[in-house]
Amino acid sequence: MYDFDKHIERAGTNAYKLDLRQRYFGTDDVIPLWVADMDFAAPPAVQEAIQKRAAHEIYGYTIRKEEFTAAIADWCKYKHNWLVNESWIEYSPGVVPALAFSVLAFSAPGDGIIINTPVYPPFYSVIADNGRKVIKNSLVNTDGRYEIDFDLLERQAAQKDTTIFILCSPHNPVGRAWTREELLKIHEICSKHNVLVLADEIHSDLALFGHQHIPFASLNEAAAMNSISFMAPSKTFNIAGFSTSYVVASNPKLLEGYRATQNRLQLHMGHLFSGVALTAAYNHGREWLKDLSAYIEANINFVEQYLKENLPELHFYKPEATYLIWLNFKAWNLPQSDVKTFLIEKAKVGLNDGLSFGKEGEGFMRMNVASPRAVLQQALEQIKAAKL
Ligand SMILES: Cc1ncc(COP(=O)(O)O)c(C=O)c1O
Numbered sequence: 004m005y006d007f008d009k010h011i012e013r014a015g016t017n018a019y020k021l022d023l024r025q026r027y028f029g030t031d032d033v034i035p036l037w038v039a040d041m042d043f044a045a046p047p048a049v050q051e052a053i054q055k056r057a058a059h060e061i062y063g064y065t066i067r068k069e070e071f072t073a074a075i076a077d078w079c080k081y082k083h084n085w086l087v088n089e090s091w092i093e094y095s096p097g098v099v100p101a102l103a104f105s106v107l108a109f110s111a112p113g114d115g116i117i118i119n120t121p122v123y124p125p126f127y128s129v130i131a132d133n134g135r136k137v138i139k140n141s142l143v144n145t146d147g148r149y150e151i152d153f154d155l156l157e158r159q160a161a162q163k164d165t166t167i168f169i170l171c172s173p174h175n176p177v178g179r180a181w182t183r184e185e186l187l188k189i190h191e192i193c194s195k196h197n198v199l200v201l202a203d204e205i206h207s208d209l210a211l212f213g214h215q216h217i218p219f220a221s222l223n224e225a226a227a228m229n230s231i232s233f234m235a236p237s238k239t240f241n242i243a244g245f246s247t248s249y250v251v252a253s254n255p256k257l258l259e260g261y262r263a264t265q266n267r268l269q270l271h272m273g274h275l276f277s278g279v280a281l282t283a284a285y286n287h288g289r290e291w292l293k294d295l296s297a298y299i300e301a302n303i304n305f306v307e308q309y310l311k312e313n314l315p316e317l318h319f320y321k322p323e324a325t326y327l328i329w330l331n332f333k334a335w336n337l338p339q340s341d342v343k344t345f346l347i348e349k350a351k352v353g354l355n356d357g358l359s360f361g362k363e364g365e366g367f368m369r370m371n372v373a374s375p376r377a378v379l380q381q382a383l384e385q386i387k388a389a390k391l
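Residues in the sequence shown are numbered consecutively from 4, following the numbering used here.
Right, dumping it as structure tokens:
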């Protein structure tokens, strides 16, 4: 068992999660449970591979060899039972940049692009900042479990200028791992109306509590032909600092369209460590990931139990994937700004503002539980004590 209880000091590493607290919360004095990375060491195999490469004193232009795509194809088969041909894969310098390239490649200014809100904030910006129109398909909150309004999706997809649907699967922040039936419905609607599906599956390796991630492109041949998948080892293995991800598209037209835009923007070269980190993680990180997933599940159970016993009016739907809890504060009956002020100034705990994911996030905060359990306990105790 890897030791996820160990406290690792991140101060002095320019960590976003620590060093942007002043800007986001107006103070450094909050326990940071926000930005979606983990306070855990990367798998030992990744550390060793990076250290070995770093020990060589030349850091010149570096290519990724066949082992990069081979590691990805092996991983997709092992983790998702998805058979990916290596020729369908292209490196990308981050999932968000890759989404932006795809928006540029496959839609025109003014086109409508559908997203399921509340959602990870860059989903709005990759659309709006590129002159496209955000079409909000608000998720329906049924007792905490969010579902897609398919009638609305059908109407939105049918609009003449709708060209793309950006799917967040599993979904950040509501924690759904979409079922096969849900994904098939999305596919039916989008293919019927000629809407391309961009499937952001960055959280796919972190399905929890027996839930399963189903790659959109693995549904059937037609879904594969009408989609691009966006994946990365970054969330899974806590290596987001390497800005390394990849796209998978079995439709050669889509892959070529993607590549052409990435190349046109001169962003195809990537990073010396990207191949090193990805191959080490995928080829040697399996046991580590099993332990990590068990630890995250235990953390989620811990938070659930703590709230039940100490702050029973706060609750959340158990995430089906990833380490982010969408915490419902509505029972406090306070304006969002008061919830935020309470958490920052009184409890001294730094959570993401639910409203940053869209107006549906009113009354919610997002808590990142990928920290040693003792840190979570401290944060929860501070919230409880501040309430007294
Ligand atoms: C749904 C989703 N997509 C993309 C990203 C970030 O991807 P990248 O760092 O590769 O751009 C995140 C990070 O939290 C995310 O939650």
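Beta carbons are placed, not taken as given, at the ideal position from N, Cα and C, and that holds for glycine. Fair warning: this is a prediction, and the values are worked out from it, not measured in the lab.
To the nearest angstrom, report how far apart residue i and residue j are at their CA atoms.
i    : j    : result
Q54  : I61  : 13 Å
K311 : F360 : 26 Å
F71  : R158 : 41 Å
K256 : D154 : 30 Å
L391 : G29  : 24 Å
H174 : W181 : 8 Å
M272 : I66  : 8 Å
V177 : H216 : 15 Å
N304 : Q380 : 12 Å
E12  : I34  : 13 Å
V99  : P125 : 7 Å
G288 : H206 : 16 Å
N84  : A297 : 21 Å
L258 : I167 : 16 Å
D114 : R26  : 34 Å
I118 : A131 : 12 Å
H214 : R179 : 9 Å
K20  : D31  : 10 Å
K293 : D164 : 44 Å
L187 : Y326 : 26 Å
R376 : A14  : 19 Å
CB-CB under 6 Å to residue i, same chain, minus the five flanking residues each way: which ones, in chain order?
i    : result
M370 : L36, I328, L330 and L354
A103 : V129
S253 : W91 and A227
H196 : A160 and A161
F7   : F43 and Y298
S221 : W85
G97  : S246 and S248
P112 : G134
R183 : I217
L383 : Y309
Can you round the beta-carbon distance between residue i and residue j to whole angstroms, since I take them to be within the 8 Å contact cut?
i    : j    : result
A226 : T247 : The pair is not a contact, with the Cβ atoms about 26 Å apart (cut-off 8 Å).
V200 : L170 : 6 Å
E365 : L358 : 6 Å
Taking 8 Å as the CB-CB limit, is residue i close to chain D?
i    : result
A382 : Absent here is chain D; the protein component of the structure consists of one chain.
Short of 7 Å in beta carbon distance, which residues of its chain neighbour residue i, apart from the five on each side in sequence? Order them along the chain.
i    : result
G260 : A108 and F109
L275 : Y62 and T65
F212 : E300, K321 and E323
V143 : Y149, E150 and D152
Flag this pair as yes or no: are the beta carbons of residue i and residue j separated by less than 8 Å?
i    : j    : result
A284 : I231 : no
W291 : Y5   : yes
A324 : A210 : yes
Q265 : S95  : yes
A389 : A334 : no
K136 : I116 : yes
I386 : V342 : no
E89  : A76  : yes
M368 : L346 : yes
V251 : V106 : no
With a threshold of 8 Å on Cβ separation, who are the neighbours of residue i within its own chain once the five nearest residues in sequence on each side are excluded?
i    : result
S194 : A225, A226 and N229
K68  : G278
### Message
If contact is defined by three or more beta carbon pairs under 8 Å, each pair taking one atom from either stretch, is the region 36-46 in contact with the region 234-254?
### Response
yes
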